[in-house]
Structures are given as structure tokens and as C-alpha cells.
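Structure first, commentary second.
Protein chains: 2
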Amino acid sequence: MEASTAELSERLQRAGIKPTAQRLAIYRYVAEEGEHPTAEQVKAWMDRNFPKVSLATVYNTLNLLVQAGELRAFRFPHTDKVVYDRNTAHHYHFLDEETGTLIDVPAEQVHIRTDLEPELKVDGIHVVLRGRRRH
Amino acid sequence: MEASTAELSERLQRAGIKPTAQRLAIYRYVAEEGEHPTAEQVKAWMDRNFPKVSLATVYNTLNLLVQAGELRAFRFPHTDKVVYDRNTAHHYHFLDEETGTLIDVPAEQVHIRTDLEPELKVDGIHVVLRGRRRH
DNA sequence: TTTAATGCAAAGCGTTTGCACTGCT
DNA sequence: AGCAGTGCAAACGCTTTGCATTAAA
């Protein structure tokens with residue numbers, strides 16, 4: 001499911017983002033290749049595949065994509081770095097504490113029932129499952 | 136349930152922490168008065184109640200207390216600042232998005248059932264409920 | 001030609017660290 | 001005297017910002 005440059009470009013335009021070459025490269029990576037990358041990892045990929053892009057542009061573009069809803073940004077307990085997630089669907093995460101790897105968990109695989117005081121109205125739930133993946 | 140200085144002092148000693156005046160003051164605040172305070176808030180309280188304590192000592196002491204298991208440190212999605220929690224029992228949090236207030240939620244009030252691929256072995260779960268408290 | 005995007009370096013924010021000094025024991 | 005604890009300022013890691021330069025419509 002490799003999207004063409006034209007497709008990616010169109011998706012950016014639809015999101016209200018002018019599809020410059022730098023943005024397309026970043027978008028291609030985070031939307032197709034990167035697995036929960038940090039800004040640092042995006043920058044490293046760009047250095048290899050689209051040299052001369054500044055870290056500021058990486059951050060600016062990632063923030064744009066997040067604001068446009070094309071990407072989600074998460075902060076996890078185990079690191080200070082923001083992690084970008086192409087999965088914009090409702091889902092949770094499993095953190096493999098051995099490797100630091102994040103694994104998407106579909107919302108249907110986690111069932112939560114709360115029994116709170118009635119004045120607490122829940123609008124959303126954040127779940128991080130911590131553990132190990134057997135190998 | 137105001138603990139005496141002697142009691143607090145003893146608790147610190149039992150935790151392997153030498154009870155200096157600064158540490159006692161910080162411990163008194165976070166263990167009895169502060170509601171999920173940040174280091175900044177601890178420092179502000181100290182400035183009012185125990186002047187001349189450095190920010191470094193605040194951080195060092197909070198870290199000591201966390202290592203000793205007397206306190207827990209959390210990072211939440213809505214802020215970069217670490218939040219200290221005197222509740223060392225297994226519990227979750229409700230974040231009032233209107234006020235930024237954190238409310239402890241006893242573990243018994245949240246029931247979670249997961250249905251993951253068998254190779255994912257869960258050791259712990261992080262839950263943050265986001266919403267509003269009706270008033 | 002007007003406007004937006006980029007690159008660079010500096011600043012910002014929360015937290016940590018190095019090191020000299022203080023004060024118990 | 002010895003040594004843990006403290007205070008100060010500098011350093012740190014990640015992210016954002018200001019501003020001059022470049023590219024695009």
C-alpha cells in the first residue's frame with residue numbers, strides 16, 4: 001500500500017497543508033514507514049533520505065500534521081520524547097519494557113468499565129499496557 | 136491526621152533517608168498537604184514556609200522520596216511537568232480538563248479486561264480518565 | 001511581487017549535575 | 001576532621017521561536 005507522491009500530496013492539500021517537498025518526505029515517512037517515531041528519528045531518516053532539512057522544519061511539519069489530524073502525538077511515561085503515531089483511530093498502546101517498542105492495541109481489545117462518583121464525567125480514556133512481548 | 140515531626144522523621148529514617156530539616160519540610164508538604172504537586176509547587180510552598188531552600192534540594196529530595204517508595208512520580212499527557220503523588224497504592228487518575236486538577240481513582244473503580252495477542256504479557260496498566268467534574 | 005516555507009541559531013522550559021560550602025556527628 | 005547534605009549556577013535534553021534567506025504562486 002505504497003501511496004504515490006501525487007496521492008500523498010493530495011492528502012496534504014485536503015488537510016489544508018501546502019505540500020512542499022520537505023513536507024512530502026516527512027509525511028511519506030511518518031505515514032508509511034516510521035513506527036511511532038520521535039522527532040529525532042524523523043530527522044535521522046530525513047538526513048539519510050532528504051538531506052539539508054532542518055530540525056525546525058521537522059518539528060514544524062510534525063506539528064502541522066498533528067493539528068491537521070493526520071497524525072497523533074503522544075507522550076509516554078518511559079520517555080520525555082514525543083512520539084508520533086500515524087494511527088489516528090481510537091486505540092491504545094502496549095509498551096514492551098524490554099525494548100521500548102510501542103505496539104498499537106485496537107480499542108476493541110481493551111474493555112474498560114468504570115465505577116466513579118457520578119460527578120466525574122469521562123470524555124476519554126488513556127491506556128498504556130506495560131509488559132513484555134514473548135519471543 | 137497531622138503527623139508530628141517525630142513521626143515524619145521516623146518514617147524517613149525507616150525509608151533510609153536522613154531526616155534533615157529541609158527534607159522534613161518537603162516531606163510534610165507532599166505527604167500531607169500537597170495535592171499532586173509539581174516540583175515548582177513544592178518549591179513555591181517551601182519559599183513561603185521554609186525559605187532559602189534551593190530548587191536542587193527540592194528535586195533531590197523528591198527523587199529520594201520516589202526512590203524510597205514514599206512517593207510516586209507521574210507524567211501526564213497534558214503537561215511536561217512531573218507530578219508527585221503521595222498515594223503509593225495501586226490507583227489511577229482522573230484529569231479534569233477544565234481545571235487541570237488530578238483526582239485519584241481507586242483501582243477497584245476501574246475494571247479492565249484485555250484481549251491481546253498471547254505473546255503480549257501485561258505487567259502493569261496505566262490509565263488516565265479525562266473529562267470534567269460536574270459542579 | 002507578495003507571501004509562505006525554510007534553515008540556523010538562540011531561547012525556553014523542566015530537570016539534573018558539578019562543585020564549593022555548610023553543618024552535623 | 002570527616003562526610004553527607006545543601007545552594008548556586010551551569011549544563012542538559014527536548015522543543016519552540018525569531019529572524020534573515022529562499023522558493024513558490
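As given, the protein sequences belong to chains A and B, one line each in that order. Per my numbering, the very first residue in the first sequence carries number 1; after that it's consecutive. Per my numbering, the very first residue in the second sequence carries number 136; after that it's consecutive. Note that beta-carbon positions come from the ideal geometry of N, C-alpha and C, so glycine has one too. Quantities reported herein were computed from a predicted structural model and do not represent experimental measurements.
Mind pulling the chain A residues with CB within less than 8 Å of residue i?
| i | result |
| --- | --- |
| Glu-254/B | Arg-133, Arg-134 and His-135 |
| Val-245/B | Ile-112, Arg-113, Thr-114 and Asp-115 |
Which residues of chain A have a Cβ atom closer than 9 Å to the Cβ of residue i, listed in chain order?
| i | result |
| --- | --- |
| His-261/B | Phe-76, Pro-77, Leu-95, His-126, Val-127, Val-128, Leu-129 and Arg-130 |
Quick check: is the beta carbon of residue i nearer than 8 Å to any beta carbon in chain A?
| i | result |
| --- | --- |
| Asp-239/B | no |
| Asp-258/B | yes |
Name the chain B residues that come within less than 7 Å of residue i, Cβ to Cβ?
| i | result |
| --- | --- |
| Val-66/A | In chain order: nothing, as chain B lies at least about 13 Å away. |
What are the boundary residues of the beta strand (DSSP E) that includes residue i?
| i | result |
| --- | --- |
| Lys-256/B | 255-268 |
| Ile-238/B | 237-241 |
| Val-218/B | 218-220 |
| Ala-73/A | 72-74 |
| Asp-96/A | 91-96 |
How would you list, in chain order, the residues of chain B whose beta-carbon sits under 8 Å from the beta-carbon of residue i?
| i | result |
| --- | --- |
| Val-58/A | Result: empty, since nearest Cβ-Cβ is about 19 Å, beyond 8 Å. |
Measure how close the beta-carbons of residue i and residue j come, nearest whole angstrom, since I'm counting them as under 8 Å.
| i | j | result |
| --- | --- | --- |
| Tyr-92/A | Val-110/A | 5 Å |
| Pro-172/B | Val-165/B | 6 Å |
| Leu-264/B | Ile-125/A | 6 Å |
| Leu-197/B | Val-177/B | 7 Å |
| Leu-206/B | Asp-215/B | That belief does not hold up - the Cβ atoms of Leu-206/B and Asp-215/B are roughly 19 Å apart, past 8 Å. |
| Ala-56/A | Ile-17/A | Their Cβ separation, rounded to whole angstroms, is 16 Å, which puts Ala-56/A and Ile-17/A out of contact at 8 Å. |
| Glu-243/B | Arg-267/B | The pair is not a contact, with the Cβ atoms about 23 Å apart (cut-off 8 Å). |
| His-213/B | Gly-235/B | 7 Å |
| Tyr-194/B | Ala-208/B | No, Tyr-194/B and Ala-208/B are not in contact; Cβ-Cβ is about 11 Å, not under 8 Å. |
| Ser-144/B | Leu-159/B | 6 Å |
| Thr-114/A | Val-105/A | So it is not a contact: roughly 18 Å between Cβ atoms. |
| Ile-238/B | Ile-112/A | That pair is no contact at about 17 Å. |
| Gln-148/B | Phe-185/B | No, Gln-148/B and Phe-185/B are not in contact; Cβ-Cβ is about 20 Å, not under 8 Å. |
How would you write the range of the alpha helix (DSSP H) that residue i sits in, first residue to last?
| i | result |
| --- | --- |
| Arg-194/A | Past the edges of chain A, shown from 1 to 135, lies residue 194/A, and the structure says nothing about it. |
| Arg-113/A | That residue, Arg-113/A, is in no alpha helix (DSSP H); its beta strand (DSSP E) goes 110-114. |
| Ala-6/A | 5-14 |
Return yes when the C-beta of residue i is under 7 Å from any heavy atom of the ligand PLP, and no when it is not.
| i | result |
| --- | --- |
| Pro-37/A | What this structure holds is no ligand at all, so the ligand PLP is not there to describe. |
Report task. Can you check the segment 169-209 of chain B for any alpha helix (DSSP H) of at least 4 residues that lies completely inside it and give the ranges in chain order? Result -> 174-184 and 190-202
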